[in-house]
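In this note's numbering, the protein residues as written are 100 to 336.
All C-beta atoms in this analysis are idealised placements derived from N, C-alpha and C, irrespective of residue type, glycine included.
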């Protein structure tokens, strides 16, 4: 699955890449600027692209709009960091967002663990050869806490079966041989089209071309470092 991603580009470059405005407060800007590693499990704030003119900042871990209580919200979001392409149209948490609330999750790379024969694991950084900033297919929802009135804007990354290149890396764990759905620049506009049919949506949920991808091992302590530490992306010696 996809729980660790990277966005090493500055916010201004991200805005230029997607033709969006960056009307974001200074505090939020400092949080999301150049995140060399973002892990889903802390429900971090992360920049996403919707049909809006401005870059949006949502939390990772989708909370469906119909969720009743805060305790339910915290429980459900632990299961919605990713949405499987094979079941995204059927799961109650995803079947409405996939049809009407799709987004792009910008990334400069993502991390997966390779399981070695001796039982150890090696983290790999996976990126595209053709695009410095590329788009993961995402869905989002907006939930209002009925007790406090607080608004939560949240998203999930869609995954699919891995192509041969990434399957060789992501070869173990609870959900092996998976990869995020990566959209080509030509398909980004289609993904955001609110009128896209269910069939057309499903056609985009496919493994990315392995010939356009590369990867290298990184240090196992990357996950413990400050997200803004550029040494996260250094090759392991």
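- Shown here, residue 146 sits in a strand according to DSSP, grouped into three states.
- Using a Cβ distance threshold of 7 angstroms, residue 103 and residue 210 count as a contacting pair.
- In the structure shown, the three-state DSSP call for residue 323 is helix.
- Looking at the DSSP output, residue 134 bridges to 106.
- In this structure, the straight-line span from the alpha carbon of residue 105 to that of residue 168 is close to 32 angstroms.
- A direct Cα-Cα distance of roughly 37 angstroms separates residue 189 from residue 325.
- Taking the CA atoms as reference points, residue 162 sits about 22 angstroms from residue 304.
- Under the DSSP definition of a beta bridge, residue 334 partners with 317.
- Under the 10 Å beta carbon count, residue 274 is surrounded by fewer than 16 other beta carbons and is classified as exposed.
- Residue 160 carries a coil assignment under DSSP once its states are collapsed to helix, strand and coil.
- With fewer than 16 other Cβ atoms inside 10 Å of its own Cβ, residue 111 counts as exposed.
- Excluding its 5 nearest sequence neighbours in each direction, residue 164 has C-beta neighbours in its own chain below 7 angstroms: 240, 241 and 242, listed in chain order.
- When DSSP states are grouped into helix, strand and coil, residue 290 belongs to the helix group.
- Per the Cβ contact rule, the region 205-223 is not in contact with the region 287-298 (fewer than 3 Cβ pairs under 8 angstroms).
- The C-alpha of residue 196 lies about 36 angstroms from the C-alpha of residue 330.
- Per DSSP, reduced to three states, the secondary structure at residue 265 is helical.
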